[in-house]
């Protein structure tokens with residue numbers, strides 16, 4: 170049964186990895202090629218491109234982690250290689266989540282409409298606000314990885330000299346501290362979750378207010394502003410759904426350090442975790458008219474479908 174579950178896990182992981190590489194690779198290729206040709210890129214496309222690249226790296230890390238989980242459990246749980254992977258995963262994971270959050274804030278400030286002075290101040294400076302968020306996200310991601318590197322060094326030094334009983338006890342203490350940092354690392358994901366929830370509810374309120382105004386003016390409910398609201402809401406809502414699944418699976422995986430979790434639970438958590446970087450890439454493709462048109466043309470094998478330069482991005 171366990172052997173069958175391992176093969177099933179490898180098949181699911183490989184399929185999700187290939188789908189994720191297809192979706193994120195397509196985004197990076199189209200936007201990157203367009204950027205290279207025109208020497209300029211919109212802020213939304215810049216965020217989406219970097220988000221796709223970070224998720225390509227994240228998918229590789231998750232794939233390696235899954236392979237180690239199946240073929241070398243000891244190396245997966247205790248090896249130095251796994252600790253190095255932890256550092257790269259921590260940086261890439263936090264950067265990916267914050268990039269998606271920056272994109273949600275950008276959509277909200279671009280599409281939503283409120284008369285509050287604070288919101289208007291942010292809306293008029295949307296590019297500056299998002300750029301500062303991008304720089305802050307990079308700094309926070311570096312800090313999270315550096316904090317883990319520090320503990321990793323202490324843990325490695327102690328692990329090399331655990332000869333006596335006292336040193337073994339100290340080694341076990343540092344090992345618990347190292348694993349505790351992983352569990353507490355989930356708290357780094359709360360700020361982007363709160364910010365994305367706030368962006369979602371602001372868009373909902375803005376859409377409701379806009380629809381009331383449209384009914385009073387007896388205008389068509391399918392005007393461009395309404396459609397932009399709905400597209401932005403779908404993108405952010407899908408991100409929240411996938412991110413909550415990812416957060417749940419990550420919490421299960423990190424809590425397994427202190428719980429008698431089986432390998433089966435770890436494999437299930439790994440499969441669920443890959444849904445986020447894979448699924449959200451296709452949500453972004455479907456929410457962007459330029460990417461959607463080129464992706465459909467690619468699936469239909471139309472000639473010249475991967476020649477960037479066509480315009481049509483929804484959120485510019």
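Numbering (the numbering used here), first residue to last: 170 to 485. Think of the CB as a built atom: it goes at the ideal place given N, C-alpha and C, for glycine as much as any other residue. Note that the structure is a prediction, hence the values are computed from the model and not measured.
If you count every other CB in all the chains shown that lies within 10 Å of the CB of residue i, and 16 or more means buried, which is it?
i	result
residue 332	Confidence in residue 332 is poor, its pLDDT being 46 and thus under 50, which makes the residue's placement unreliable; the coordinate value appears in the next sentence. Burial call: exposed.
residue 293	exposed
residue 336	Confidence in residue 336 is poor, its pLDDT being 47 and thus under 50, which makes the residue's placement unreliable; the coordinate value appears in the next sentence. Label assigned to residue 336: exposed.
residue 218	buried
residue 464	buried
residue 192	buried
residue 302	buried
residue 277	buried
residue 275	buried
residue 249	exposed
residue 207	exposed
residue 544	Here the chain comprises residues numbered 170 to 485, so residue 544 is not present and cannot be evaluated.
residue 232	buried
residue 150	Because the chain is modelled from 170 through 485, residue 150 falls outside the range shown and cannot be assessed.
residue 220	buried
residue 334	Because the pLDDT at residue 334 is just 46, under 50, the model does not fix this residue reliably, and the point stays unresolved.
Identify which residue in the options has its Cα closest to the Cα of residue i.
i	options	result
residue 190	456, 445 and 462	445
residue 438	221, 193, 208 and 234	234
residue 256	228, 314 and 285	314
residue 448	226, 433, 412 and 356	412
residue 373	360, 258, 356 and 394	394
residue 216	272, 361 and 379	272
residue 259	236, 295 and 309	309
residue 362	414, 193 and 301	414
residue 159	457, 440, 221 and 456	The shown model of the chain, from 170 to 485, leaves out residue 159, and the question about it has no answer.
residue 468	181, 276 and 195	195
residue 295	311, 221 and 211	211
residue 380	368, 261 and 399	399
residue 312	285, 226, 284 and 263	263
residue 504	377, 368 and 382	Since the first and last residues shown for the chain are 170 and 485, residue 504 lies out of range.
residue 253	452, 360 and 230	230
residue 365	209, 269, 220 and 174	269
residue 459	304, 181, 188 and 200	200
residue 407	287, 451, 356 and 205	451
Within this structure, are the beta carbons of residue i and residue j separated by less than 7 Å?
i	j	result
residue 197	residue 280	no
residue 186	residue 238	no
residue 267	residue 223	no
residue 298	residue 291	yes
residue 375	residue 282	yes
residue 416	residue 457	no
residue 420	residue 442	no
residue 436	residue 240	no
residue 453	residue 461	no
residue 226	residue 183	no
>> Taking contact to mean 3 or more Cβ pairs, one atom from each stretch, closer than 8 Å, check whether the region 398-416 and the region 297-316 are in contact.
In response: no
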